[in-house]
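Report on the structure given below.
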Amino acid sequence: MTRLQVAAPLSSAALSGVLIEIPCPRTVLTQWLAERGPLGLASKAAKHPVYCELWSVRDGGLCVGNVSQHDLWEAGGRASGIAMRAMAQMCAPRQGPLRDMLLGNAQAGAERLPGLFRSFSRALVAPLSTYFETMTWIPGVTLRGSQEPYSFVVGMFTDSAVARWADVAFGYGYRKQPARFDVRSPEAFAVRATNGAPLITFTGELLDASLETGALAGVERAVQYPLLGLTPSGALARSTLKRSFATAESLAPLRGAVELAPGLVPGVRRRPAPSRSRSRKPYDALAFSNMRAVVSYPKPAV
2 MTRLQVAAPL
12 SSAALSGVLI
22 EIPCPRTVLT
32 QWLAERGPLG
42 LASKAAKHPV
52 YCELWSVRDG
62 GLCVGNVSQH
72 DLWEAGGRAS
82 GIAMRAMAQM
92 CAPRQGPLRD
102 MLLGNAQAGA
112 ERLPGLFRSF
122 SRALVAPLST
132 YFETMTWIPG
142 VTLRGSQEPY
152 SFVVGMFTDS
162 AVARWADVAF
172 GYGYRKQPAR
182 FDVRSPEAFA
192 VRATNGAPLI
202 TFTGELLDAS
212 LETGALAGVE
222 RAVQYPLLGL
232 TPSGALARST
242 LKRSFATAES
252 LAPLRGAVEL
262 APGLVPGVRR
272 RPAPSRSRSR
282 KPYDALAFSN
292 MRAVVSYPKP
302 AV
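Add 1 to a position in the sequence shown, counting from 1, and you land on the number used in our numbering.
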């Protein structure tokens with residue numbers, strides 16, 4: 002498994018879900034961004050993508066350096082296995098069937114300990130690290146006086162109180178809001194406010210087609226940009242969500258339509274499902290599974 006390298010990592014997790022691409026008028030996005038800070042768009046195209054993602058988050062854990070807590074527990078299991086074998090060597094008779102039994106049992110136990118320690122680490126945090134989230138973001142955003150591209154987080158919804166707490170406590174500025182999730186599959190899901198009002202509804206179908214080389218170049222480049230969040234005080238915070246679709250266990254294109262609550266995406270109420278003959282892209286959304294992601298601590302962007 003490829004280990005994702007991130008400066009000052011806080012936590013890692015496995016993400017499964019769907020990424021929906023929504024073309025929006027660049028002029029509307031430019032004005033919307035300017036109202037929130039010294040922000041603009043590098044692209045001059047008439048339409049600019051906004052991405053809306055649904056995540057099923059699991060197997061989360063804290064990081065020490067670029068090593069996850071699960072890796073550390075597994076390393077502890079290996080160390081315990083070495084100690085177990087050493088203790089068996091010391092206590093076992095010099096020869097005979099009893100020695101063979103003790104050493105054999107120690108060897109078998111030592112081989113199982115790393116996996117058992119990793120499983121324990123996962124079980125320890127599972128109640129807090131298994132939840133749903135959405136993130137809506139605008140790629141290719143720049144700060145005034147700089148050409149470095151960012152992705153601005155428009156907003157997030159989650160059913161995890163811990164995730165909402167971490168957003169505020171660490172100052173990410175993602176503005177995570179509580180929501181209810183009805184996820185039947187990547188092709189059909191709905192997100193509602195706690196009062197039942199619809200926020201995001203997606204209905205689609207998997208396409209019987211493989212993704213050609215280069216079809217993901219734009220979105221793959223976009224997910225590598227640092228994230229910009231807007232804190233309650235109005236300050237911009239920079240963080241990193243390191244991930245790659247190349248590391249996903251599975252990846253499939255979808256054709257579909259998304260319904261959005263007013264104001265959720267600047268200038269967009271609904272994105273209808275285009276016919277394949279008129280669509281300029283081979284897909285409207287991407288379903289992915291088991292993509293590792295590592296998030297860094299935030300820091301001031303300016």
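Using N, Cα and C, we set each Cβ at its ideal position, and we do this for glycine too. Treat the numbers as computed from the prediction; the structure is a model and nothing was measured.
Item, Value
"Stretch pair the segment 50-61 + the segment 18-34: three plus CB contacts closer than 8 angstroms", "yes"
"Given 8 angstroms, three or more beta-carbon pairs between the segment 93-112 and the segment 129-141", "no"
"Euclidean distance between Cα positions of K243 and T135", "16 angstroms"
"Nonlocal neighbours in the same chain, by C-beta distance under 7 angstroms from F226, ignoring five residues either side", "The question names Phe, yet the displayed sequence has Tyr at residue 226. Closer than 7 angstroms at the Cβ level, and outside the excluded window around Y226, lie P140, P150, Y151 and S152."
"Same chain, Cβ closer than 6 angstroms to P179, five either side skipped, listed in chain order", "T195"
"P275, buried or exposed, once every other Cβ within 10 Å from all chains shown has been counted against 16", "Low local confidence applies: a pLDDT of 40 at P275 is under 50, so the model's placement there is unreliable, with the coordinate-based value given in what follows. It counts as exposed."
"Unbroken stretches of the alpha helix (DSSP H), 4 residues or longer, contained in the segment 206-257", "218-223"
"Residue range of the beta strand (DSSP E) that includes S178", "Sequence inspection shows Gln at residue 178; the Ser mentioned does not correspond to that position. Element bounds for Q178: K177 to P179."
"Start-to-end residues for the alpha helix (DSSP H) that takes in L265", "No alpha helix (DSSP H) contains L265, which DSSP labels as neither H nor E."
"Extent of the continuous alpha helix (DSSP H) run through R165", "A162 to F171"
"From P254, L287 and P199, residue whose alpha carbon lies closest to that of P263", "P199"
"Burial state of R185, where buried means 16 or more other Cβ atoms lie within 10 Å", "exposed"
"Secondary structure of A302, DSSP reduced to three states", "coil"
"Segment contact, 8 angstroms Cβ cut-off, at least three pairs: the segment 288-303 with the segment 22-31", "no"
"P94 (DSSP reduced to helix, strand or coil)", "coil"
"Pair within 9 angstroms by beta-carbon distance, G205 and A216", "no"
"Residue span of the alpha helix (DSSP H) that contains R37, given as start and end", "Run containing R37: none; DSSP gives neither H nor E here."
"Beta-bridge pairing of P26 - partner residues as DSSP gives them", "K48"
"DSSP bridge partner residues for I21 (one or two, in chain order)", "C53 and A286"
"Which listed residue (A238, E260, I201 and L144) has its alpha carbon closest to that of T159", "I201"
"Cβ-Cβ separation, A294 to A14 (assumed contact under 8 angstroms), whole Å", "6 angstroms"
"The ligand COA heavy atom lying under 8 angstroms from the CB of A189", "What this structure holds is no ligand at all, so the ligand COA is not there to describe."
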